[in-house]
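Inspection log for the structure reproduced underneath, given as structure tokens.
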Amino acid sequence: MINNFLNFEWKQFFRSSYWQKNIALNILLAFLAIYFILMFLALGVSIYPLLKKQFPESDPLLLVNGALFYWFLGDLIMRFFLQKLPVMNIKPLLILPIKRRKVLNYVLGKSAISFFNFLPLFAIIPFGVILIFEDYSKTTAIVWMLLMYICTLIINFLNFIIEAKSAETELSFLPLIVLASLLFGLNYFEVIEFTSLLANGINAITENSILLLIPVAILTVLYYVNYKLLKTKLYVDGSLKVKADVAVTTDLAWTRRFGDIAPFLQLDLKLLWRNKRPRSSIFILIIGLLYGLFFYPNPIYKEWIPMFVFVGVFITGIFMINFGQFIPAWDSGYYKLLMSQNIKYKQYLNSKFSLMLISAIIMFVLSIPYVYFGWKILVIHFAAMVYNIGINSHVLLLGGSFNRKKIDLTQRAAFNYQGTGAVQWLIGFPLLLIPILLFYIPYKFINFEAGIATLIILGIIGIIFHQKIMNFITKKYINSKYKMISAFDQDN
Amino acid sequence: MIKAAQLSKIYNGTTVLGIEELEIIKGQSFGLVGNNGAGKTTFFNLLLDLIKPTTGQVVNNNIQVNTSEDWKPFTAAFIDESFLIGYLTPEEYFYFIGELRGLNKADVDTFLAQFEEIFNGEILGGKKYLRDLSKGNQKKAGIVAALIGNPEVIILDEPFANLDPTTQIRLKKLLKDLTVNSNATVLISSHDLGHITEVCERIVVLDKGVVVKDIKTSTETLKELEAYFSV
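Chains C and Y are the protein sequences, given in the same order. When the letters of the first sequence are read in order and numbered with my numbering, they come out as residues 247 to 738. When the letters of the second sequence are read in order and numbered with my numbering, they come out as residues 4 to 234.
Printed below as a string of structure tokens:
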């Protein structure tokens, strides 16, 4: 039976048109995976000598244990955003003669061999091996390694419980952030010192290996809770069924002033607000707006002006990049309707353009307070906004005409709680990096003003030729009409 | 109204549709029957320029559909659920379609009033998005949307499937009235020989993409079709 399951997984992966069309993307992901593996390996190998050198008085193992609280917390947050419970298409299996127990155990068991659980091993094992060479007792080192792996699995299963709970409440990542900040805050202000509590616990276990049974017990309980949770959902009227939202009708009358693109603008706004996946690109706006706080207050970047261009393009363009790269796939579910209705392609595309334009302006206005960190930042943001409107928006629209990947807005595969992944961030890189280069060259050889002028002039050129560019883009879309329709018609 | 000439669609060497000559006159109610894979949906998709013909062309009211878009204002269709916008409420969907066809909200409301019976209180005013309606109700919404704005050509692919018996009977009446009152050209396909002989004046049977029968409906037609398909 397990053989069959594995076989299905294999086929699902390699037969999806996504895989076949995006080999380049997959290679990129593979490189990322290797990168992370090397990073963890480096961490595992170097942390012992580093700590020994920095704090010759202390025991490196105790120091590491003291920091584990932050490691676990970070791990949990990372997983929440990136890891999903691996669900096979369970529905067809329900009426086949397969024990539910088997299906559940398979799904849960498979999650244990995810990349997220492998990765820490690359740091844990080298560190453990070094411990043995550094004259710790063999049992201490082995128990420590085992304990770390059990903790990783505990986080693995804890994450699925949190995901399931927060999906029920429809609050997305809010509960996790609140919980994490609460734990962090309690620890930081020394109300409850989780750091030392956890460290003491781990030290106790490494000294007395029989205590290892406690984390094992915790792991078992978590597994069982997950099992129970999944089991209640294994009915077609449980979570396998799509939950119906209560519809709120709005007429968005104010969009009328945008003239003939109004119906499409209304449609786009509803698209953004009423579907999980695009809705997340609205929340990302908030994250994007705060992004500047990572860089501007930091004196390290003070002299590194091109970095500010990156932040500027990012802040004023974050919605544009997130939303724009999936034009027209957002409408893939009803593309045939749009193509057979009385619609001018140009109006449709202009509506998308307007949305991106408005978002860039709003983000610029909201980012004005950053002027606190210097007037140059305001100037850079303005230039970045003009560049985004004039160049990046058109590039995104043009890129859309090559879009052949369907987005199923209605699909909420069971237990699939988050709609977006790491991939979409990667696609944005050229859009962010090219303006840095365009700024950097004149900045380096002439001065700051020349760099700013380059961005603004390029942006204005794009805006002046907007109509011409749109005609060209529209033609591209019309040329690939049949291909898009047939691609959007396919599943996966 | 609609003329297809030398129309063919070939996928990987397999001919899924090959129509030498087919003309549908204005105001005719035209029925298409055939087993799975006979090319019914392919034909409709070609009429709507959703797929590219391998050879030949479709001319709708003197406009060749794959070279000009001017046929769109007077042509409406409901092929499958991909013609619905799932995250809109039915009202919003009707208003959207209405707007594309030059009707304001009040016009659409008046238009919808006549469908109260068919909607059976389950479509309008319910706090549900189209994606959350049952298959049958989705179909009702899609068919009604295709009728908004008095289009001259209406294309419905299997309109009777998934509908409850009451609605099937009402829909038949509706389609019959349509050709009589508004002189619209109605093209439907169906697997239900009874329904289609009741509604359509002319029935074309497709088999593996080829027209094998072209019948002017009479009292004998149902028997003739049943005899043909019971092989």
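No residue lacks a Cβ here, since even glycine has one placed at the ideal position from N, Cα and C. All of these numbers come straight from a predicted model, not from anything done at the bench.
Identify the continuous beta strand (DSSP E) that holds residue i and give its terminal residues.
| i | result |
| --- | --- |
| threonine 58 (chain Y) | 58-63 |
| threonine 188 (chain Y) | 188-192 |
| lysine 216 (chain Y) | 213-219 |
| glutamate 23 (chain Y) | 17-27 |
| phenylalanine 33 (chain Y) | 32-36 |
Should residue i be labelled buried (16 or more other beta-carbon atoms within 10 Å of its own) or exposed?
| i | result |
| --- | --- |
| alanine 668 (chain C) | Legend: pLDDT at alanine 668 (chain C) = 48, less than 50; position of this residue unreliable, no value from coordinates given. |
| serine 71 (chain Y) | exposed |
| glutamine 9 (chain Y) | exposed |
| isoleucine 28 (chain Y) | exposed |
| phenylalanine 163 (chain Y) | buried |
| alanine 660 (chain C) | Per-residue confidence for alanine 660 (chain C) stands at a pLDDT of 34, beneath the threshold of 50, marking its modelled position as unreliable; no derived number is given. |
| lysine 652 (chain C) | buried |
| methionine 566 (chain C) | buried |
| tyrosine 663 (chain C) | With a pLDDT of 34 at tyrosine 663 (chain C), under the threshold of 50, the modelled position of this residue cannot be trusted; read the value that follows with caution. Flag for tyrosine 663 (chain C) reads buried. |
| aspartate 52 (chain Y) | buried |
| tryptophan 550 (chain C) | exposed |
| glutamate 409 (chain C) | buried |
| asparagine 738 (chain C) | Residue confidence for asparagine 738 (chain C) is low, a pLDDT of 48 falling below 50, so the modelled location carries little weight and cannot support an answer. |
| phenylalanine 277 (chain C) | exposed |
| lysine 226 (chain Y) | exposed |
| asparagine 649 (chain C) | buried |
Output yes if chain C places a C-beta closer than 8 Å to the C-beta of residue i; else output no.
| i | result |
| --- | --- |
| glycine 59 (chain Y) | no |
| phenylalanine 114 (chain Y) | no |
| tyrosine 231 (chain Y) | no |
| phenylalanine 99 (chain Y) | yes |
| tyrosine 90 (chain Y) | yes |
| alanine 8 (chain Y) | no |
| alanine 164 (chain Y) | no |
| alanine 144 (chain Y) | no |
| leucine 181 (chain Y) | no |
| isoleucine 54 (chain Y) | yes |
| lysine 216 (chain Y) | no |
| isoleucine 172 (chain Y) | no |
| phenylalanine 86 (chain Y) | yes |
| alanine 187 (chain Y) | no |
| alanine 80 (chain Y) | yes |
| leucine 51 (chain Y) | yes |
Compare the C-beta of residue i with all C-beta atoms of chain Y and state if any pair is closer than 8 Å.
| i | result |
| --- | --- |
| arginine 520 (chain C) | yes |
| isoleucine 589 (chain C) | yes |
| lysine 598 (chain C) | no |
| serine 605 (chain C) | no |
| serine 586 (chain C) | yes |
| isoleucine 731 (chain C) | yes |
| proline 509 (chain C) | yes |
| lysine 411 (chain C) | no |
| glycine 579 (chain C) | yes |
| leucine 595 (chain C) | no |
| lysine 582 (chain C) | yes |
| alanine 668 (chain C) | Confidence at alanine 668 (chain C) is low in this model, with a pLDDT of 48, below 50, so the placement of that residue is unreliable and no value is reported for it. |
Could you please give the first and the last residue of the uninterrupted alpha helix (DSSP H) stretch that includes residue i?
| i | result |
| --- | --- |
| leucine 432 (chain C) | 420-434 |
| glutamate 119 (chain Y) | 119-122 |
| serine 233 (chain Y) | That residue, serine 233 (chain Y), is in no alpha helix (DSSP H); it is neither H nor E in DSSP. |
| valine 353 (chain C) | 346-358 |
| isoleucine 637 (chain C) | From DSSP, isoleucine 637 (chain C) is part of no alpha helix (DSSP H); its letter is neither H nor E. |
| leucine 704 (chain C) | 694-710 |
| phenylalanine 734 (chain C) | 727-735 |
| tyrosine 689 (chain C) | 675-691 |
Counting only runs of 4+ residues fully inside the region 527-558 of chain C, write out the alpha helix (DSSP H) ranges in chain order.
538-541
message = I'd like to know if the region 180-189 of chain Y and the region 123-142 of chain Y are in contact, where contact means that at least 3 CB-CB pairs between them fall below 8 Å.
response = no
- request: Specify whether the region 21-34 of chain Y and the region 707-716 of chain C touch according to this definition: at least 3 beta carbon pairs, one from each stretch, less than 8 Å apart.
  value: no
Worksheet item: Counting pairs of beta carbons, one from the region 719-735 of chain C and one from the region 11-18 of chain Y, are three or more of them closer than 8 Å?
Response: no
Can we say the region 187-194 of chain Y touches the region 154-174 of chain Y, given the rule of at least three CB pairs closer than 8 Å?
yes
My parser needs the alpha helix (DSSP H) runs of 4 or more residues fully inside the region 49-106 of chain Y; what are they?
93-103
Three CB pairs or more closer than 8 Å across the region 571-585 of chain C and the region 539-546 of chain C
no
Fully enclosed by the region 128-207 of chain Y, which beta strand (DSSP E) runs are 3 residues long or longer? 156-160, 188-192
*Decide yes or no for the touch test of the region 610-618 of chain C against the region 680-697 of chain C: beta carbon pairs closer than 8 Å, at least 3 of them.*
no
Quiz item: Is the region 212-219 of chain Y touching the region 55-72 of chain Y, taking contact as three or more C-beta pairs under 8 Å?
Solution: no
Give the list of continuous beta strand (DSSP E) stretches no shorter than 3 residues that lie fully inside the region 281-312 of chain C.
none
### Contact the region 363-379 of chain C vs the region 338-348 of chain C: 3+ CB pairs below 8 Å
no
* To do: Check whether the region 30-46 of chain Y touches the region 563-577 of chain C, taking contact to mean three or more Cβ pairs, one atom from each stretch, closer than 8 Å.
  => no
- Query: Quick one: any contact between the region 392-401 of chain C and the region 460-475 of chain C, if contact means 3 or more CB pairs under 8 Å?
  - Reply: yes
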